[in-house]
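First the structure, in the form of structure tokens, and then the observations on it.
Numbering (the numbering used here), first residue to last: 1 to 251.
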């Protein structure tokens, strides 16, 4: 207990000394401001709401009136912006790296609704539209205002579903603008379900890693190094006490 109090006092003293030093530098002072986390950002009094087991990457941004269902994931550099309207995302849906999900209110009042078990690929844009359950929106694809993508459908990479377009269930659409290509096969339908399930599991691993402390990261680094060295040399495992870290490792 005393160590905790002493540590707090020393940190406070250090901050005081730093402020005094900054004031003495006057106009030559340079202060670097650290930006707060943007995982969940309030907008106009509305905050994002997450159900259990939702993973939001440290540098992703979920803004405003957004509801995210159980087991869903928002990946690195993705943006889900519910500022001028609301966004709902179902369960076990993944919004992958650099994807953008937004809404509309200027010309028409259109929210964005994304169902369950949906995969939104990297750099895709989902804007003021509806994506029903078990869909895949390919890498860099765009689904624009008022469009509806029916359940168990795929929009291929780089395609653009234009405003107000209706994509029936169970179809593959491709092109700019996107057009009907063919019906999905049973294997493709199974792949869609597998894709969302695998991303739900992968999100659990990333959430665990992102929640680790610095000490846990250091311990992991040492442990993996030991395992790698043992694998290369074929040496038997043994116990060892490392004085430099005070942690117990298995060799």
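Where is the CB? At the ideal position from N, CA and C, for every residue including glycine.
Three or more C-beta pairs below 8 Å linking the stretch 149-156 and the stretch 167-178: yes
For residue 194 and residue 206, the rounded distance between their alpha carbons: In this structure, the CA atom of residue 206 is about 18 Å from the CA atom of residue 194.
Reduced DSSP category for residue 8 - H, G, I as helix; E, B as strand; rest coil: helix
Proximity winner among 144, 111, 115, relative to residue 136 (alpha-carbon distances): Closest in C-alpha terms to residue 136, from the list 144, 111, 115, comes 115.
Secondary structure of residue 19, DSSP reduced to three states: helix
Residues near residue 229 by beta carbon distance below 6 Å, same chain, minus five either side: Hits under 6 Å: none found.
Rounded C-alpha distance that separates residue 117 from residue 19: 51 Å
CA-to-CA distance, residue 156 to residue 179, given in whole angstroms: 10 Å
Residues that DSSP places opposite residue 79 in a beta bridge: For residue 79, which the question treats as bridged, DSSP gives the partners 61, 100.
Contact check, residue 109 vs residue 127, beta carbons under 8 Å: no
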